[in-house]
Amino acid sequence: MSTRSSENKIILIKRKTRLEELVVRYNTIQQAQFYIERLGADFSDYISEDFHYRKAVESAVMELGALGRVQLLERQHVPNFIFGDQDTVVVLGQDGLVANTLKYLHEQPLIGVNPDAQRWDGVLLPFTVKDLRHLVPEVFRGQRQVREVTLAKAQLNDGQSLYGVNDLFVGRKTHVSARYQVELNGVTEQQSSSGIIISTGMGSTGWLKSVLAGAMGIARSAAQLQMDGAAAAGARAAGVAEAAGIEQRLPWDHPNLYFTVREPFPSRTTSAGLVFGQISSRAPLKITSQMPEDGVIFSDGVESDFLEFNSGVEATITLGEKRGRLVV
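First residue of the sequence shown? That's 1 in full-length UniProt numbering, and the numbers climb one at a time after it.
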């Protein structure tokens, strides 16, 4: 006889631990231990992480089982899973798992749970397993605050699309140059670069911040080589002010996206003028591939889940028509 308090469906999403991934690769725990210890690493840390994560999964299943119908879903099955409109989604961290789940939802509420607070901080993991017994019924009743997240969307002219919670990457699979045409606000440019990064508000302190900080640091250093001491000091002060601007985290529901071109190469046939800018619903970024092979678009650092972006394919980058909804 069921003792659960409702028939609401709860999807609990988990991932493989580092130990589980090693066992997949080396077949046994003993073989995995031999490999790790031969490299001088502490294998006990892998054991500890696996133990605590498994306990968190067991506890979460027990807590949620008393509240509704629970389905346990592995991370690798999320892209092809069909979520019901009324499903409540619980993700058993880390932050990356939350982001890579959120983009496949259609505005179902997502609860981020930190399985091991001693190991991970978890910006997107505000709750513990013990919180679920009180939290989930409040979500069912619509009594919990939800924070909306703007998504980026890449729409191809062949009908395919891909969403990004933090960022999208457009470029080549390998470390060779990407060739494409880019268009924004009526301005068109042929480019050769290491790829384009498109960031959301949530991703503004991640990959985008890293690229901008590197670019500003190079520009400041180059300028200082041509200045006297006083001017160089002024440049350093200006650089600090610029860096402070990057430190300001954009809101997660920010109404615009930002793009930056990595290592643009100007030549007789390519330019480097349209290398940074803002994307809005009224001003999308259009990119047409000129790469005969290995052109890709992927999101949130997951290279295995990508769209092919080869010669003739056009991608329109804009804000997603749906939003992520994180329970807070």
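Yeah, the Cβ is synthetic: ideal placement off N, Cα and C, and Gly gets one too.
Owing to the predicted nature of the structure, the values given are computational and were not obtained by experimental measurement.
Residue nearest to I13 within the set F306, L97, G159 is L97 (criterion: CA-CA distance). Around the beta carbon of S267, fewer than 16 other beta carbons sit within 10 angstroms, so the residue counts as exposed. In terms of CA proximity to V91, Y53 leads the group Q118, D85, D305, Y53.
Straight-line measurement puts the Cα of K153 at about 13 angstroms from the Cα of E314. The C-beta distance from K9 to S299 rounds to 26 angstroms, too long to meet the 8 angstroms contact threshold.
Three or more beta-carbon pairs separated by less than 8 angstroms are not found between the segment 76–96 and the segment 143–163, which leaves the two stretches without contact. Separation of the CB atoms of R323 and E107 is rounded to 6 angstroms, and the pair is thereby assigned contact status at 8 angstroms. By the Cβ test, the segment 108–124 is not in contact with the segment 279–298, since fewer than three Cβ pairs between them sit closer than 8 angstroms.
For P109, the number of other beta carbons within 10 angstroms of its own is at least 16, and it is reported as buried.
Around the beta carbon of N114, 16 or more other beta carbons lie within 10 angstroms, which makes this residue buried. Look at the beta carbons and you see the segment 164–177 touching the segment 191–208: at least three pairs across the two are nearer than 8 angstroms. Contact between the segment 65–72 and the segment 120–140 is present: three or more C-beta pairs spanning the two stretches fall below 8 angstroms.
Within the model, the alpha-carbon separation for L132 versus G112 is close to 10 angstroms.
With contacts defined as CB atoms closer than 8 angstroms, L326 and L124 qualify as a contacting pair. Under the three-state reduction of DSSP, A152 is assigned to strand. Annotated as distal: R15 and E49, with beta-carbon spacing of 8 angstroms or more. When DSSP states are grouped into helix, strand and coil, K16 belongs to the coil group. In the structure shown, the three-state DSSP call for F169 is strand. In its chain, beyond the 5 residues on either side, I197, T260, R262 have a beta carbon closer than 7 angstroms to the beta carbon of V211. Relative to G201, the option among Y46, D42, Y258, H77 whose CA is nearest is Y258.
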